[in-house]
Each structure stands twice: as structure tokens, then as C-alpha cells.
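Chains A and B are the protein sequences, given in the same order. In terms of this note's numbering, the first sequence opens at residue 295 and continues consecutively. In terms of this note's numbering, the second sequence opens at residue 295 and continues consecutively. From the three backbone atoms N, C-alpha and C, an ideal C-beta is built for every residue, glycine too. Notes for the one structure printed next.
There are 2 protein chains.
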Amino acid sequence: MQTGQDAAAIFVERWNEAASFEQTGTCPVRNVLDKIGDKWSMLIVMYLAAGPKRFNQLHREIPDISQKMLTQTLRDLQRDGLVARQVFDTKPPSVEYRLTTLGHSLIVPFGHLIDWANQSIPSINKARAVFDAAS
Amino acid sequence: MQTGQDAAAIFVERWNEAASFEQTGTCPVRNVLDKIGDKWSMLIVMYLAAGPKRFNQLHREIPDISQKMLTQTLRDLQRDGLVARQVFDTKPPSVEYRLTTLGHSLIVPFGHLIDWANQSIPSINKARAVFDAAS
DNA sequence: GCCATTGATTACCTGGAGGTAAGTGCATGC
DNA sequence: GCATGCACTTACCTCCAGGTAATCAATGGC
């Protein structure tokens, strides 16, 4: 709770700080949250948490992602230093993706969020049912 | 780490489960992540963490949100049971928003994420600089 | 020769999140 | 009698994340 309050203060502060930038929404916290909110980043991180994977291996395990989005999301993760890309000079060149130390460190706090989500889903669904019934 | 791995497994499982639905993206975990990823939900939760606030009070404290989005986001949070709305029958009717118990419980895991983000920003920026230099 | 696989890139298109601006009904202040 | 504040609602528009599909260059199997 205390940590939460502190975090809230920092969060709001940074957010406001970014708001004063105006030109670009370069709030560092928002920056991270955008990745978490996008459709594929966290899914890929979670798949890579199990160990390094090749491009098409990921593609097969996540059938509903397009090649374009897989490439693009991996690039973004690589750019942010969460994922490392390694090319092997085999006959048909193969590429391996693995989480970096930084990438692995995300799994812990993100895991807490997922745990919260899973625990809270019943309450949320109940609240929604009540809300929708009254409208 | 262990918790993280477990969370990852549950996450991926649920995600896939939702993928099998096909018709609607009703993955419960994605459902929660969408709120966290959207532009205003978490900012409002963080502002309300400090205590109950009135509509226009929030609007003044977050100047760059539109009335439309403030109303809409508050409604969504209310529907999910994260925020409670209380109407006072004063001469110009006033409305107060406060976090529910469920809403407060989000602050803890979300705070971990923010902490991670703040701690990791230097690494991320460095990684970006390196990546951008090599392209 | 034909086709598949590997890891991409590119052009084109759509849906929906979110912004802008105006309007609403009521009450108080000047 | 006009403006202001409160808590919205509505119509309209814009932008971009993400999807679809075609293409690429090299290689090995049939």
C-alpha cells in the first residue's frame, strides 16, 4: 500500500512532467505502459520466458499474429533491450530470439499484474453484470 | 521468478483459451491489460488513489483529458467495479468518485510495474540509443 | 523444373480510440 | 437578463495500430 502510494505519486508526477512537454508524449512511464497495452508485446515476452525461440517457431505457437506484427513487435522489443536477436549463419539463415536480463526482470512485476487480473476477474465480471443490469 | 513463470504459464494458457473463442477477444487477461494500456484509466485510478474526487476536480487536475473521455473512462472503471460513483442531491448536483476496495487492490501490483518502469528507463533509453545508432 | 521453408519487407485498407466543439438543464451571482 | 459552474451527452472527424496479401533471395527435396 505504501509502495503503491509512492508509486502513484511518482507516476502522476512523471505523467504531468510529460504533459508539460506537449510536443511529444515522451512520458517514460506511458512509454512502458504503451508496450504493455499493445496487442502482442507482452504475449511474446511471456512466450520467450520459457526459453529462446526461432522466428517461425514463435509464429507457429502464436498462430493469430501476422508476420508483419511479429517482426515489428520483436524489433520494438529488441530496440528497448528486452529481447536479443541472434542470427545463425546456417544454409537457410536462422534467427533466434531470447529475453535479455532486462526482459526477464519484467516478468516479475508483470506477473503480479496477471495474478491480480486472474484473482479479480470474478469480481469484475460480477460488477459488470450488476452495472449492465441497471441500464 | 517462480511466480513470474507460473503467471506466464497461466497468462499464455488463458490467452490461447481466448484465441479459441475467435468470435470475441474475451480473454480475461487481455481484457484487464486493455484497460491498463489505454490512455486514461490508470492515470485516473492513480489520481483517485489519493482520495475521492469530484468530476470537475479531476478535470482540473488532468487538464489534457477531454470531458468526453473523462466521463467515458470513469464509466468503464465504474462498470468494472474499480470506481464507485456517488451522487449528492445538492442544489447544483455534485458527483463524487472514489476507488472501491477492488480499485485500491490494483494499486499494489500496478505500483510494482511503475517501479520497474522507473528503474528500467535508463537501461531502455541506452538500449534504444545503441539500437538507433546501428541503423 | 516446381514447390516449400527461412525471415523478413512493402503497399494497401479498415476499425476504433480518442479529440473537438457544441448543446443541455438547473441554479446562483451580478 | 446574462454569464458561470456543474456533470454530462452528442455528432463529427482524425489518426494509427494492426490485418491482408504479395514479394524477395537462397536452398534443399521430389
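| query | Among all the DSSP beta bridges, which residues are the ones paired with Gln380 of chain A? | reply | In the DSSP output, where bridge partners are listed per residue, Gln380 of chain A has A:Glu390.
| So the alpha helix (DSSP H) Ala421 of chain B belongs to, where does it begin and stop? | For Ala421 of chain B, the enclosing alpha helix (DSSP H) begins and ends at Thr395 to Ala427.
| field | Endpoints, alpha helix (DSSP H) assigned at Ala343 of chain A | value | Annotation: the continuous alpha helix (DSSP H) that includes Ala343 of chain A extends over Ser335 to Ala343.
| query | Thinking C-alpha only, which one of B:Thr365, B:Leu337 and B:Glu390 is nearest Pro346 of chain B? | reply | The shortest Cα separation from Pro346 of chain B among B:Thr365, B:Leu337 and B:Glu390 belongs to B:Glu390.
| Thr367 of chain A burial status per 10 Å Cβ neighbour count (16 or more: buried) | Buried, since its Cβ has 16 or more Cβ neighbours within 10 Å.
| field | Candidates A:Ala302, A:Glu307, A:Gln351 and A:Ser429, of which the one nearest Arg373 of chain B by Cα | value | Checking every option, the nearest Cα to that of Arg373 of chain B belongs to A:Ser429.
| Where Val326 of chain A falls, given that 16 or more other Cβ within 10 Å makes a residue buried | Buried, because 16 or more other Cβ atoms sit within 10 Å of the Cβ of Val326 of chain A.
| query | Which first and last residues belong to the alpha helix (DSSP H) in which Ser322 of chain A is found? | reply | Ser is not the amino acid found at residue 322 of chain A; the sequence shown has Pro there. Element bounds for Pro322 of chain A: Pro322 to Gly331.
| request: Check the C-beta distance from Leu393 of chain A over to Val381 of chain A and give it rounded, since I have them as a contact under 8 Å. | output: In fact, because the Cβ distance is near 17 Å, the residues do not count as touching under 8 Å.
| said: Can you give me the C-alpha to C-alpha distance between Glu307 of chain A and Asp332 of chain B, rounded to a whole angstrom? | reply: Between the alpha carbons of Glu307 of chain A and Asp332 of chain B lies a gap of roughly 18 Å.
| In three-state DSSP terms, what is Lys362 of chain B? | Three-state DSSP puts Lys362 of chain B in a helix.
| Rounded C-alpha distance that separates Ile304 of chain A from Asn350 of chain A | So the alpha carbons of these two residues sit roughly 40 Å apart.
| field | Ala343 of chain B, buried or exposed, once every other Cβ within 10 Å from all chains shown has been counted against 16 | value | Classification for Ala343 of chain B: buried.
| said: Check this for me: beta carbons of Asp370 of chain A and Ser335 of chain A, under 8 Å apart or not? | reply: Yes, they are a contact pair.
| Sequence-distant residues of its chain with Cβ nearer than 7 Å to Glu355 of chain A (five each side left out) | Within the same chain, Cβ atoms closer than 7 Å to the Cβ of Glu355 of chain A are found at Tyr341, the five residues on either side in sequence being excluded.
| said: Contact criterion: CB-CB distance below 8 Å. Does Gln372 of chain A meet it with respect to chain B? | reply: At least one chain B Cβ lies under 8 Å of Gln372 of chain A.
| query | Counting pairs of Cβ atoms below 8 Å between the region 398-412 of chain B and the region 408-418 of chain A, do you hit three or more? | reply | The region 398-412 of chain B vs the region 408-418 of chain A: in contact.
| field | Whole-angstrom distance between Ile415 of chain A and Arg422 of chain A, CA atom to CA atom | value | Rounded to the nearest angstrom, the gap between the Cα atoms of Arg422 of chain A and Ile415 of chain A is 10 Å.
| Of all the CB atoms in chain B, is at least one closer than 8 Å to the CB of Gly353 of chain A? | Checking the sequence, you will find His at residue 353 of chain A rather than Gly. Not an interface residue.
| Ordered along the chain, which non-local residues of its own chain (more than five positions away) have a Cβ less than 7 Å from that of Leu337 of chain B? | Ile356.
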